[in-house]
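The sequence shown begins at 1 in UniProt numbering and counts up one residue at a time.
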Amino acid sequence: MPDCFRNLTQLVKIQLWWSRLDEDRTIDILGGLPKLMFLNLNYSAYDGKKLVVRQGALQNLIKIDIWSQFHLTEIGFEQGASPKLESIEISCCRLKSGIYGIKHLPKLKDIYLCYGSKVARLGMLQKEVNLHHSKPVLRLQKDRNYHDLGDTDGPDEFFEAMESLSGNTEEN
Numbered sequence: 001m002p003d004c005f006r007n008l009t010q011l012v013k014i015q016l017w018w019s020r021l022d023e024d025r026t027i028d029i030l031g032g033l034p035k036l037m038f039l040n041l042n043y044s045a046y047d048g049k050k051l052v053v054r055q056g057a058l059q060n061l062i063k064i065d066i067w068s069q070f071h072l073t074e075i076g077f078e079q080g081a082s083p084k085l086e087s088i089e090i091s092c093c094r095l096k097s098g099i100y101g102i103k104h105l106p107k108l109k110d111i112y113l114c115y116g117s118k119v120a121r122l123g124m125l126q127k128e129v130n131l132h133h134s135k136p137v138l139r140l141q142k143d144r145n146y147h148d149l150g151d152t153d154g155p156d157e158f159f160e161a162m163e164s165l166s167g168n169t170e171e172n
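Below you can see the structure in the form of structure tokens.
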């Protein structure tokens with residue numbers, strides 16, 4: 001992603017298609033856009049395996065759509081990332097390492113797994129959703145078995161999140 005994107009400080013919505021953006025710079029650059037509220041990564045817009053929203057990034061983001069990211073295996077949110085995020089929609093992605101860090105999204109209302117979305121540890125994601133203080137909903141377009149990849153190896157952050165679920169039901 002070119003550095004000139006950093007100058008788009010008034011940008012509220014962006015849809016990226018076939019951009020093939022690299023893992024290291026994309027979320028760093030987009031994450032610094034102060035007014036970005038809607039992000040759509042569509043059809044190979046992102047070439048990375050991991051999409052991790054770091055602390056302080058995407059501070060005004062309300063909705064993120066991640067569609068047809070064929071290399072993507074993991075989506076994560078660090079503490080202090082995307083504090084206004086309400087909705088995550090994922091379509092045609094195979095997240096072999098799962099989704100983690102949703103407990104760090106205080107305004108989360110909805111995670112929607114659409115057509116072709118498959119996620120590792122869907123049961124654990126459901127537990128994290130159920131224990132979330134804002135009571136979001138995990139919506140599945142198809143049967144749970146269709147969307148669940150089962151247990152696979154994943155990032156340390158995922159296992160830390162699951163450990164915290166056993167004793168901590170609310171985080172402020």
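Backbone N, C-alpha and C fix where the C-beta goes; we use that ideal spot for every residue, glycine too.
Taking the straight line between their C-alpha atoms, what separation do you get for residue i and residue j?
i, j, result
"residue 33", "residue 149", "34 angstroms"
"residue 28", "residue 146", "33 angstroms"
"residue 90", "residue 4", "28 angstroms"
"residue 72", "residue 120", "12 angstroms"
"residue 75", "residue 52", "6 angstroms"
"residue 128", "residue 136", "10 angstroms"
"residue 64", "residue 143", "23 angstroms"
"residue 108", "residue 99", "14 angstroms"
"residue 87", "residue 140", "14 angstroms"
"residue 13", "residue 40", "8 angstroms"
"residue 122", "residue 7", "38 angstroms"
"residue 19", "residue 44", "7 angstroms"
"residue 162", "residue 106", "Its pLDDT being 45, under 50, residue 162 is placed unreliably by the model, and nothing is read from it."
"residue 97", "residue 49", "10 angstroms"
"residue 131", "residue 62", "21 angstroms"
Ordered along the chain, which non-local residues of its own chain (more than five positions away) have a Cβ less than 7 angstroms from that of residue i?
i, result
"residue 172", "Caution is warranted here: a pLDDT of 42 is assigned to residue 172, below 50, making its placement in the model unreliable, and the coordinate value is therefore given only provisionally. Correct list: empty, nothing qualifies."
"residue 138", "111, 125, 126 and 129"
"residue 79", "55 and 104"
"residue 1", "21, 25, 26 and 29"
"residue 116", "91 and 92"
"residue 17", "42, 43 and 45"
With a CB to CB cut of under 8 angstroms and the five nearest residues on each side skipped, what residues in its chain are close to residue i?
i, result
"residue 60", "34, 35, 36, 37 and 84"
"residue 118", "93, 94, 95, 146, 147, 148 and 149"
"residue 47", "20, 21, 22, 23 and 71"
"residue 151", "120 and 121"
Hey, out of the options, whose CA is closest to residue i's CA?
i, options, result
"residue 10", "126, 129, 138 and 30", "30"
"residue 25", "17, 54 and 64", "54"
"residue 42", "151, 15, 123 and 7", "15"
Residues bridged to residue i by DSSP?
i, result
"residue 139", "112"
"residue 148", "119"
Excluding the five sequence neighbours on either side, which residues of its own chain have a C-beta within less than 6 angstroms of the C-beta of residue i, listed in chain order?
i, result
"residue 134", "108"
"residue 113", "90, 140 and 147"
"residue 57", "31 and 81"
"residue 68", "43 and 92"
Within 7 angstroms (strictly less), CB to CB, does residue i reach chain C?
i, result
"residue 77", "No chain C appears in this structure, which consists of one protein chain only."
Let me know the beta strand (DSSP E) ranges lying completely inside the UniProt domain "Disease resistance R13L4/SHOC-2-like LRR" (7-136), each 3 residues or longer, listed in chain order. Residue ranges of uninterrupted beta strand (DSSP E) with 3 or more members, entirely inside the UniProt domain "Disease resistance R13L4/SHOC-2-like LRR" (7-136) and ordered along the chain, are 13-17, 38-42, 50-53, 63-67, 74-77, 87-91, 98-100, 110-113 and 118-120.
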